[in-house]
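Worksheet: the structure to be examined is printed underneath.
There are 2 protein chains.
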Amino acid sequence: MSTLSPTPRTTLRRRAERGSFERSVIDAILDEALVCHVAFVHDGQPFALPTTHVRVGETLYVHGAAKGRLLGSVAGSPACVTITLLDGLVLGRSAMHHSMNYRSVVILATGREVTDRDEKLAALTALVEHVVPGRSREVRAPSEAELAATRVVAFPIDEASAKVRTGPPVDAEGDYALECWAGVVPMRLTRGEPVPDPRLHPDAAPPPAW
Amino acid sequence: MSTLSPTPRTTLRRRAERGSFERSVIDAILDEALVCHVAFVHDGQPFALPTTHVRVGETLYVHGAAKGRLLGSVAGSPACVTITLLDGLVLGRSAMHHSMNYRSVVILATGREVTDRDEKLAALTALVEHVVPGRSREVRAPSEAELAATRVVAFPIDEASAKVRTGPPVDAEGDYALECWAGVVPMRLTRGEPVPDPRLHPDAAPPPAW
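Same order as they appear, the protein sequences are chains U and V. Using my numbering, you'd call the opening residue of the first sequence number 4 and step up by one each time. Using my numbering, you'd call the opening residue of the second sequence number 4 and step up by one each time.
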């Protein structure tokens with residue numbers, strides 16, 4: 004299936020022309036982002052907490068401490084996982100026509116706690132691979148105690164939509180005569196020079212380059 | 004007041020040593036970030052939607068289309084505004100000791116729709132200034148029609164906490180003998196070269212540099 008069906012809850016109310024239900028669009032955003040926000044309700048109060056995620060096929064996995072607030076409240080209840088990539092500052096010629104270029108995905112789903120050991124281990128391996136490709140083969144694998152102390156929750160990527168803004172500002176026609184600068188300042192999450200651990204082994208492998 | 008009082012809902016359950024209720028810590032994160040996620044509940048379903056924000060004193064403002072889903076559901080109901088800055092990838096010597104360096108703030112608050120014209124205009128001006136300092140003086144100010152079409156919601160920054168992770172990985176003691184590389188890959192949101200609008204005025208001012 005390459006296109007998700009819109010539901011009343013994922014139908015975009017504003018700027019519908021920016022929306023997409025294409026799996027390829029959704030997947031690319033999920034795969035590029037390193038951080039997501041998981042929203043859930045606890046005692047009538049919504050919470051949105053940041054964490055990292057990975058997509059495996061049509062499932063999004065997050066993990067956390069078995070005793071933590073995030074995942075204890077998430078599995079089995081309605082949740083929303085939102086992923087946002089900021090691509091640019093859109094500077095219009097009027098205050099109200101400033102905007103941002105971005106790519107975001109909203110997934111509405113009820114989380115399922117992953118109890119199958121193989122699926123759990125595969126998800127945790129994929130989480131490491133998502134951050135640094137190839138890394139899982141270089142590091143010590145999870146112990147049984149570590150697996151037990153970690154909760155993994157799976158969200159089906161079924162009820163989801165992407166929203167994307169690109170391009171220059173869209174100004175009021177009369178404002179194009181103004182002489183103030185207008186355009187886009189691109190924004191990008193960039194990696195810096197790796198900082199070795201103070202206790203790095205003297206024969207340590209070189210830092211990852213990717 | 005320089006320190007917020009923890010409440011049962013903002014008391015950190017996990018990694019409490021990473022938490023802070025200092026206004027200076029919270030404010031610095033809110034002021035650096037360009038994007039927040041606003042979580043609210045609609046028909047029992049939590050949503051977390053990205054938007055931009057600005058802090059003015061002890062209030063956080065967000066804005067949106069008067070007809071949009073985000074702010075229509077937010078004002079007057081319990082909400083959570085979460086701001087997350089990713090600072091680094093923490094590469095431990097085992098899969099489970101991978102982590103991220105980050106700074107985040109969670110604000111629990113009931114949004115108040117801003118109806119006072121002066122406060123609304125000040126908030127919208129501050130939103131532009133937050134993205135590009137000085138910009139509000141160079142661009143056309145909001146018209147009355149634009150003001151009417153825009154909703155501004157204020158969240159008091161009273162019940163809030165910050166959470167910060169810094170530094171190298173914390174590995175299991177036995178893993179320090181492993182030869183795999185370990186350390187931190189710094190991450191930073193960076194600005195690229197400004198891209199002029201295709202319809203830029205021939206006498207346009209230079210792009211902002213900041």
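Note that beta-carbon positions come from the ideal geometry of N, C-alpha and C, so glycine has one too.
Task: Neighbour list for Ala78/U in chain V, Cβ cutoff strictly below 7 Å - done: None at all; the shortest Cβ gap to chain V is about 14 Å.
Task: As assigned by DSSP and simplified to three states, the class of Thr118/V - done: coil
Open item on the list: Suppose only complete runs of 3+ residues qualify. What are the beta strand (DSSP E) ranges in the stretch 64 to 124 of chain V, listed by chain order?
Closed with: 81 to 94, 102 to 113
Task: Neighbourhood of Ser107/V by C-beta, 8 Å cutoff - its chain only, sequence neighbours within 5 removed - done: Ile32, Thr85, Ile86, Thr87, Leu88, Ala165, Lys166, Val167
Open item on the list: Using beta carbons (cut-off 8 Å, strictly below), is Glu25/U in contact with chain V?
Closed with: no
Task: Contained beta strand (DSSP E) runs [length at least 3] in the stretch 146 to 181 of chain U, N- to C-terminal order - done: 153 to 159, 162 to 168
Task: Beta-bridge partners of Glu25/V, as assigned by DSSP - done: Thr6/V
- [ ] Determine the direct distance from the alpha carbon of Tyr179/V to that of Arg143/U, and round the result to whole angstroms.
- [x] 11 Å
- [ ] Give the single residue among Val28/V, Ile29/V, Ala36/V whose Cα lies nearest to the Cα of Arg191/V.
- [x] Ala36/V
Open item on the list: Using only the alpha-carbon positions, how far apart do Ala3/U and Gln48/U sit?
Closed with: Because chain U spans 4 through 213 in this model, residue 3/U falls outside it and cannot be assessed.
Open item on the list: Is Thr6/U close to chain V? Criterion is C-beta to C-beta, closer than 8 Å.
Closed with: no
Task: Best match in Arg154/U, Arg194/U, Ser102/U for proximity to Thr118/U [C-alpha to C-alpha] - done: Arg154/U
Task: Partner residues on chain V for Pro145/U, Cβ-Cβ distance less than 9 Å - done: Ser97, Ala98, Met99
Task: Where Arg12/V falls: helix, strand or coil (DSSP) - done: coil
TODO: Identify the continuous beta strand (DSSP E) that holds Val188/U and give its terminal residues.
DONE: 186 to 194
Open item on the list: Which residue marks the beginning of the beta strand (DSSP E) containing Pro49/U, and which one marks its end?
Closed with: 48 to 54
Task: CB contact flag (Ser80/U, Phe24/U, <8 Å) - done: no
TODO: Tell me, please, whether the CB atom of Pro9/V is closer than 8 Å to any CB atom in chain U?
DONE: no
TODO: Please classify Ala42/U: does DSSP put it in a helix, a strand, or coil?
DONE: strand
- [ ] Could you name the residues of chain V that Thr153/U contacts, counting a contact when the two beta carbons are closer than 8 Å?
- [x] Met99
Task: Of the listed residues Tyr105/U, Ala207/U, Pro9/U, Asp161/U, nearest to Glu113/U (C-alpha basis) - done: Checking the sequence, you will find Thr at residue 113/U rather than Glu. Considering only alpha carbons, the answer is Asp161/U.
Task: Chain-ordered residues of the stretch 31 to 51 of chain U with a beta carbon less than 7 Å from chain V - done: Leu37, Val38, His40, Ala42, Phe43, Val44, Gly47, Gln48, Pro49, Phe50, Ala51
Task: chain U residues whose Cβ lies nearer than 7 Å to that of Pro136/V - done: Neighbours of Pro136/V on chain U: none; closest Cβ ~12 Å, over 7 Å.
- [ ] Can you grab the Cα-Cα spacing for the pair Asp46/U / Val198/U, in whole Å?
- [x] 42 Å
Task: Residue burial classification, Gly186/U (beta-carbon count within 10 angstroms, cutoff 16) - done: buried
Task: Beta-ladder partner(s) of Pro199/U, from DSSP - done: Gly186/V
- [ ] Could you tell me the distance, in whole angstroms, from the CA atom of Glu61/V to the CA atom of Asp121/V?
- [x] 17 Å
TODO: Measure the C-alpha to C-alpha separation of Leu130/U and Asp34/U and round it to an integer number of angstroms.
DONE: 11 Å
Open item on the list: Strictly below 8 Å CB to CB, what residues from chain U border Pro159/V?
Closed with: What Pro159/V touches in chain U: nothing, since even the nearest Cβ is about 15 Å away.
TODO: Please determine, among Val65/V, Arg140/V, Val38/V, the residue with the shortest C-alpha to C-alpha distance to Gly91/U.
DONE: Val38/V
TODO: Identify the contact partners of Val198/V in chain U, using a Cβ-Cβ distance below 9 Å as the criterion.
DONE: Gly91, Pro171, Gly186, Val187, Val188, Pro189
Open item on the list: Could you check whether His100/U and Pro172/U sit closer than 8 Å to each other, using their CB atoms as the reference points?
Closed with: yes
Open item on the list: Using 8 Å for Cβ pairs, my map puts Glu116/U next to Val59/U. What's the rounded Cβ distance?
Closed with: Not confirmed; about 16 Å, so no contact.
Task: Per DSSP, cross-strand counterpart(s) of Val59/V - done: Thr62/V
- [ ] Please go through the same chain and pick out, in chain order, the residues whose beta-carbon is closer than 7 Å to the beta-carbon of Glu132/U, but skip the five residues on each side of it.
- [x] Arg138, Ser139
Task: Rounded straight-line distance, which links the Cα of Pro53/U to that of Arg17/U - done: 25 Å
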